[in-house]
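**Student:**
Numbering (the numbering used here), first residue to last: 72 to 160.
1) Assign residue 110 to one of two classes, buried (16 or more other C-beta atoms within 10 Å of its C-beta) or exposed (fewer than that).
2) Spell out a yes or no on whether the segment 96-103 and the segment 113-127 are touching, meaning 3 or more CB-CB pairs, one atom from each, closer than 8 Å.
3) Nearest-angstrom Cα distance between residue 120 and residue 112?
4) Going by beta-carbon coordinates alone, are residue 108 and residue 96 separated by less than 8 Å?
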C-alpha cells in the first residue's frame, strides 16, 4: 500500500537534513585535521594531508563553495554551433 504524500515528503526532508549534518561533520573534521597538521599543534603527528584535503574540498563543493584562482574567469557552458549539411570541397 502506498504511503500518503505527506509522510513521503517528511521522510525526504528528514533524509536531506541527515545528509546536511553528515556533510557539516565531515567539513569540520577535515578542517580541524588540516589545521592541526599545518600548525603542528601535535608535534608527533605525521599524516598525508592529501586525502583529508580532498574530503574538505568535496564537502565544500557539496555546499556550493568553490576555490577561485587568480585571474580566473567564470566559465561559460560550451555551445554547439550548427553547420551546414553540405560537405566542404
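C-beta atoms are modelled at their ideal positions from N, C-alpha and C, and glycine is treated no differently.
Quick caveat: nothing in here was measured; it's all calculated off a predicted structure.
**Tutor:** If we stick to the structure as given:
1) exposed
2) yes
3) 15 Å
4) no
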